[in-house]
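Colleague:
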Amino acid sequence: MYTIGAKRRWWWSFLPSFIATRDNILSPSPPHLRSDLEMRSLPSSLTLFLAATLFEAAQAVSVPFEVHTTNKPLPHHNARRSAAPISNNGNAAYISNITLGGVTVPVILDTGSSDLWVTFQGSPPAASKDTGKSLALNYAVGSASGNIHTVELQFAGFTVPDQAFLQVANSSSFSTDSAYDGLVGLGPNEGSSIQSKLGSPQGDMVLNRMFQQNNLSSNFITFLLSRTNDPAAKLTGQFTIGEAVAGFENITSQTKLNVETVHRLLNDQQHWQALTDVNSVTGPDGNVINIGSIVPKAPDGQLVAVFDSGFTFSQVPRKMSDAIYGRVQGAVYDTKNEWWTVPCGQEINVTFHFGGVAFPVHPLDAVDDNFKIKDASGNPVCIGAFQPITSAFSLFGNFDMIMGMTFLRNAYTLLDYGRWATGSSVDQGDPFLQLLPLTSRDAAHADFVNARLKGVDTTGSAQYQLLPASQQQSSPVSAEEKKKLYEEKVLSHWPAILVGCLIAVGLLVVLIIWKCCCRKRKGKGTNDAALLSQKNQTYLPLQAQGGASMTNVGYAGSPGYPQQEYAGAAGSGYPQQGYVGGSGYPQQQHQGYPQQGHY
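Quick note: the sequence shown uses the numbering used here, first residue 21, plus one each step.
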């Protein structure tokens with residue numbers, strides 16, 4: 021979703037002002053690296069990798085791509101209808117060409133969002149039709165706004181008529197990266213803002229339109245991501261639809277990770293997300309990193325992970341990031357960019373666990389050297405590629421971490437859309453994802469030694485030993501993040517708070533109604549007592565206790581004065597109070613007046 025050169029939309033424009041930006045994660049604006057390697061503020065990078073391709077006939081399509089480090093747009097190729105060439109821009113962005121109305125546009129492919137937006141360097145396609153509807157997509161840093169247009173789209177040999185897209189006049193606030201001119205979202209169709217705006221089939225996300233052609237037996241995609249600066253890399257990056265990459269067919273036998281079992285509040289918050297195993301992460305010291313989930317309904321000991329190809333760096337809980345990098349000698353936390361920097365020769369081994377399978381992360385991915393940054397003394401340092409996730413990224417407590425490119429290069433990934441592929445007549449089961457580990461720990465160690473240590477294994481030397489746990493550094497939490505953490509706690513529990521408020525209001529209403537009924541009953545009782553006493557004036561009062569005599573006052577206007585007694589105390593000087601026929605209303609005797617009941 022986000023990347024070092026791009027960012028992606030998130031949710032909840034209806035929320036209070038402190039989360040008013042409609043970012044797909046309500047992100048604040050964490051540090052961000054621009055493609056020209058100048059650092060900005062966004063703790064992740066959104067350039068995508070995936071080379072999406074689809075096929076027209078009942079046969080599936082494989083899309084190979086080679087790694088390049090150029091920022092130049094890809095040349096347009098018409099020779100192979102089954103392939104979409106992909107450019108790997110320094111492990112920070114995976115870019116492919118699409119064609120809109122005959123105009124070729126290099127775009128990022130993003131599994132973390134669902135909309136297509138482009139900006140044309142030259143003239144837009146003549147066949148493009150303006151729908152007259154405008155839209156703004158806000159991201160962690162920057163935005164893309166313009167009018168929604170429709171035009172024929174071609175991609176990887178697949179043709180989609182009248183595909184809706186957002187034509188952006190100026191995307192400079194979104195990114196200055198010249199390697200791409202747009203972004204194609206490959207997330208769930210229900211997360212598409214364009215679809216919501218148009219409310220028509222043309223607004224469906226690109227992949228959904230392709231699935232609707234019903235040329236596939238299964239609506240899934242798979243992808244392999246290649247790695248730059250890996251001396252032993254032999255894999256060619258590939259993206260397939262409806263079939264597995266040759267040699268990796270056993271991915272379909274891997275555990276199916278359900279993507280809908282985790283907590284979400286709104287439909288457009290649905291992502292490719294799944295639960296980790298219990299004891300999900302093993303740190304550099306070989307011990308489990310115990311972190312509790314912020315997701316209200318997550319099972320004990322498990323974390324909720326979003327798999328997002330748009331993030332250059334993965335985002336993990338702050339305590340996890342600190343546990344990974346805080347014990348490295350020479351580690352420094354960069355408060356501006358919100359990442360750890362460590363010596364480039366430091367081998368960091370981290371392993372994640374999903375579906376009962378261990379996924380080791382290549383040390384070349386855990387410690388990134390692609391951006392050639394330097395410390396305060398001018399010495400080269402590398403970036404800890406598992407950055408602390410800021411509270412705003414998980415503001416609603418929907419997930420704990422984001423598995424970006426640093427993880428996805430270590431796992432062959434299959435995403436099955438199932439019934440998310442609306443309008444398709446096939447494969448309408450539950451959506452799921454499957455992962456196949458790609459990294460061998462021993463082979464990765466050898467790669468690291470060759471790439472970072474010039475072939476001389478000094479990883480066991482004193483300078484690369486982890487500090488004792490008691491000396492672990494912790495990254496500071498800013499005042500702004502503390503505020504966001506408070507907001508997160510409130511927002512992540514707002515359904516319970518809302519229910520509690522509704523219950524309280526309901527009880528108050530019931531109490532008010534009960535009080536009103538009691539008052540009416542009380543008034544009715546008083547009137548009934550008066551009527552009863554008037555109809556029964558011949559009734560004698562109850563006999564006073566202690567054998568005291570009673571004066572007959574049976575008739576109104578009866579001569580004589582009644583004897584006044586307090587019950588049980590003759591001659592007390594107080595009128596006797598009794599109850600008429602057990603009616604429950606007390607009586608007071610008065611000369612010449614009928615007996616009347618009182619409360």
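All C-beta atoms in this analysis are idealised placements derived from N, C-alpha and C, irrespective of residue type, glycine included. Just so you know, these numbers come straight off a predicted model, no measurement behind them.
#1: Please give the ranges of any beta strand (DSSP E) in the stretch 257–300, keeping only runs that are unbroken, at least 3 residues long and fully inside the region.
#2: Could you tell me which of V362, S116 and A113 sits nearest to Q483, measuring between CA atoms?
#3: Relative to the alpha-carbon of G262, which residue among T139, D447, M225 and I106 has its alpha-carbon at the smallest distance?
#4: Would you report the Cα separation of G480 and Q366, rounded to the nearest angstrom?
#5: Hey, how far is the Cα of I533 from the Cα of G520?
#6: From this set, K149, L434, P488 and H169, which residue's C-alpha is nearest S329's C-alpha?
#7: If distances are taken between C-alpha atoms only, which option among T371, K535 and L487 comes closest to P457?
#8: What do you reckon, are the CB atoms on V204 and L129 nearer than 8 Å?
#9: Going along the chain, which unbroken runs of the alpha helix (DSSP H) with 4 or more residues stay wholly within the stretch 145–207?
#10: Once DSSP output is grouped into helix, strand and coil, what is the label at C364?
#11: Measuring CA to CA, which of T281, P304 and V123 is closest to A386?
#12: Buried or exposed, going by whether 16 or more other CB atoms sit within 10 Å of the CB of D467?
#13: With distances taken between CB atoms, is the gap from I168 to L155 smaller than 8 Å?
#14: Run through DSSP, which three-state label would G306 get?
#15: Am I right that N369 and P383 are in contact with their C-beta atoms under 8 Å? What's the rounded C-beta distance?
#16: So, helix, strand or coil for F331, using DSSP?
#17: Out of R229, S165 and S148, which one is the CA nearest neighbour of F175?
#18: Compare the Cα-Cα distances from I214 to each of S341, Y353, P208 and L136 and report the closest residue.
#19: Under a Cβ-count criterion, where at least 16 other Cβ atoms within 10 Å of its own Cβ denotes burial, should W360 be classed as buried or exposed?
#20: Please name the residue or residues paired with S107 in a DSSP beta bridge.
#21: Label P451 either buried or exposed according to how many other C-beta atoms from any shown protein chain fall within 10 Å of its C-beta, with 16 as the threshold for buried.
#22: Keeping to the same chain, check which residues put their C-beta closer than 8 Å to that of K394; ignore five residues upstream and five downstream.
#23: Taking Q630 and M425 to be in contact with their CB atoms under 8 Å, please state how far apart those CB atoms are, rounded to whole angstroms.
#24: Using the C-alpha atoms, what's the distance from T124 back to A325?
#25: Just checking my contact of T242 with Y432 at CB under 8 Å: how many whole Å lie between their CB atoms?
#26: Exposed or buried, what is P380 when buried is set at 16 or more other beta-carbons lying within 10 Å of its beta-carbon?
#27: With 16 as the cutoff for other CB atoms within 10 Å, does R541 come out buried or exposed?
#28: Out of T139, G177 and A147, point me to the one whose CA is closest to G166's CA.
#29: Between S133, F185 and T131, which lies nearest to G152 when the distance is taken from Cα to Cα?
#30: Cα separation between C537 and V529?
#31: Grab me the residues of C364's own chain with a C-beta within less than 7 Å of its C-beta, minus the 5 sequence neighbours each way, in chain order.
#32: With a threshold of 16 other CB atoms inside 10 Å of the CB of A343, please say whether the residue is buried or exposed.
#33: Over the uninterrupted alpha helix (DSSP H) stretch that includes I422, give me the two end residues.
#34: Give me the Cα-Cα distance between K502 and E172, rounded to the nearest whole angstrom.
#35: Using DSSP with H/G/I as helix, E/B as strand and the rest coil, what is K394?
#36: Identify the continuous beta strand (DSSP E) that holds V348 and give its terminal residues.
Modeller: Once the coordinates are examined:
#1: Contiguous beta strand (DSSP E) elements confined to the stretch 257–300 occur at 257–261 and 293–295, taking only those with 3 or more residues.
#2: Here residue 483 refers to the residue found at position 463 when the sequence shown is read from its first residue. Selection V362, S116 and A113 evaluated against Q483 yields V362 as nearest (Cα-Cα).
#3: Counted from its first residue, the sequence shown places residue 262 at position 242. The shortest C-alpha separation from G262 is found at D447.
#4: Counting from one through the sequence shown, the residue named residue 480 turns up at place 460. Counting from one through the sequence shown, the residue named residue 366 turns up at place 346. Those two C-alpha atoms are separated by around 10 Å.
#5: Along the sequence shown, one-based indexing puts residue 533 at 513. Along the sequence shown, one-based indexing puts residue 520 at 500. Between I533 and G520, the C-alpha separation is close to 20 Å.
#6: For this step, residue 329 is matched to residue 309 along the sequence shown. When only C-alpha atoms are compared, the closest one is L434.
#7: As a first step, residue 457 is located in the sequence shown; it is residue number 437 there, counting from the start. Cα-wise, what sits closest to P457 is T371.
#8: For this step, residue 204 is matched to residue 184 along the sequence shown. For this step, residue 129 is matched to residue 109 along the sequence shown. Cβ distance < 8 Å, so V204 and L129 count as in contact.
#9: Runs found: none.
#10: Position 344 of the sequence shown, counting from 1, holds the residue named residue 364. The answer is coil: DSSP assigns C364 none of H, G, I, E or B.
#11: If you number the sequence shown from 1, residue 386 lands on position 366. Comparing Cα positions, the closest option is P304.
#12: As a working mapping, residue 467 is identified with position 447 in the sequence shown. Classification for D467: buried.
#13: On the sequence shown, residue 168 is found 148 positions in, with the first residue counted as 1. On the sequence shown, residue 155 is found 135 positions in, with the first residue counted as 1. Between I168 and L155, the C-beta spacing is below 8 Å.
#14: As a working note, residue 306 is residue 286 in the sequence shown. Correct three-state label for G306: coil.
#15: The residue you call residue 369 lines up with position 349 of the sequence shown. The residue you call residue 383 lines up with position 363 of the sequence shown. Yes, they are in contact, since the Cβ atoms of N369 and P383 sit about 6 Å apart, within 8 Å.
#16: As a first step, residue 331 is located in the sequence shown; it is residue number 311 there, counting from the start. Secondary structure at F331: coil, using DSSP grouped into helix, strand and coil.
#17: Position 155 of the sequence shown, counted from the start, is the residue given in the question as residue 175. Of R229, S165 and S148, the residue nearest in Cα terms is R229.
#18: To locate residue 214, count along the sequence shown from 1; it is residue 194. Comparing Cα positions, the closest option is L136.
#19: As a first step, residue 360 must be located in the sequence shown, where it is residue number 340. W360 comes out buried.
#20: By 1-based counting over the sequence shown, the position of residue 107 is 87. Residue pairing by DSSP places S107 opposite I115 in a beta bridge.
#21: As a working note, residue 451 is residue 431 in the sequence shown. In this structure P451 is buried. Its beta-carbon is surrounded by 16 or more other beta-carbon atoms within 10 angstroms.
#22: By 1-based counting over the sequence shown, the position of residue 394 is 374. P400 and V401, listed in sequence order.
#23: This structure cannot settle anything about residue 630, because the visible part of the chain is limited to 21 through 619.
#24: For the purposes of this step, residue 325 is identified with residue 305 of the sequence shown, where counting begins at 1. For the purposes of this step, residue 124 is identified with residue 104 of the sequence shown, where counting begins at 1. Linking A325 to T124 through their CA atoms gives a straight-line distance of about 34 Å.
#25: Taking the first residue of the sequence shown as 1, we reach residue 242 at position 222. Taking the first residue of the sequence shown as 1, we reach residue 432 at position 412. Approximately 7 Å separates the beta-carbon atoms of T242 and Y432; this is inside 8 Å, confirming the contact.
#26: Counting from one through the sequence shown, the residue named residue 380 turns up at place 360. With 16 or more Cβ atoms within 10 Å of its Cβ, P380 is classed as buried.
#27: Position 521 of the sequence shown, counting from 1, holds the residue named residue 541. The residue in question, R541, is exposed, as its Cβ has fewer than 16 Cβ neighbours within 10 Å.
#28: Reading the sequence shown from its first residue, position 146 is the one you call residue 166. Selected option, being the one with the closest Cα: T139.
#29: Taking the sequence shown and counting its residues from 1, the one referred to as residue 152 is at position 132. Relative to G152, the option among S133, F185 and T131 whose CA is nearest is F185.
#30: As a position in the sequence shown, residue 537 is number 517, starting the count at 1. As a position in the sequence shown, residue 529 is number 509, starting the count at 1. Note on geometry: alpha-carbon atoms of C537 and V529 lie some 12 Å from one another.
#31: Here the question's residue 364 lines up with position 344 in the sequence shown. By the criterion of a C-beta distance shorter than 7 Å, C364 is surrounded in its chain by V387, D389, P400, V401, C402 and R472, once the five residues flanking it on both sides are discounted.
#32: Position 323 of the sequence shown, counted from the start, is the residue given in the question as residue 343. Residue burial annotation: A343 is buried, with at least 16 other C-beta atoms found within 10 angstroms of its C-beta.
#33: The residue you call residue 422 lines up with position 402 of the sequence shown. For I422, no alpha helix (DSSP H) segment is defined; the enclosing uninterrupted segment is the beta strand (DSSP E) at M421 to M423.
#34: For this step, residue 502 is matched to residue 482 along the sequence shown. For this step, residue 172 is matched to residue 152 along the sequence shown. Take the alpha-carbon of K502 and the one of E172: they are about 48 Å apart.
#35: Translated into the one-based positions of the sequence shown, residue 394 becomes position 374. DSSP places K394 in the strand class (E or B) of the three-state scheme.
#36: Stepping through the sequence shown from its first residue, residue 348 is reached at position 328. From DSSP, V348 is part of no beta strand (DSSP E); its letter is neither H nor E.
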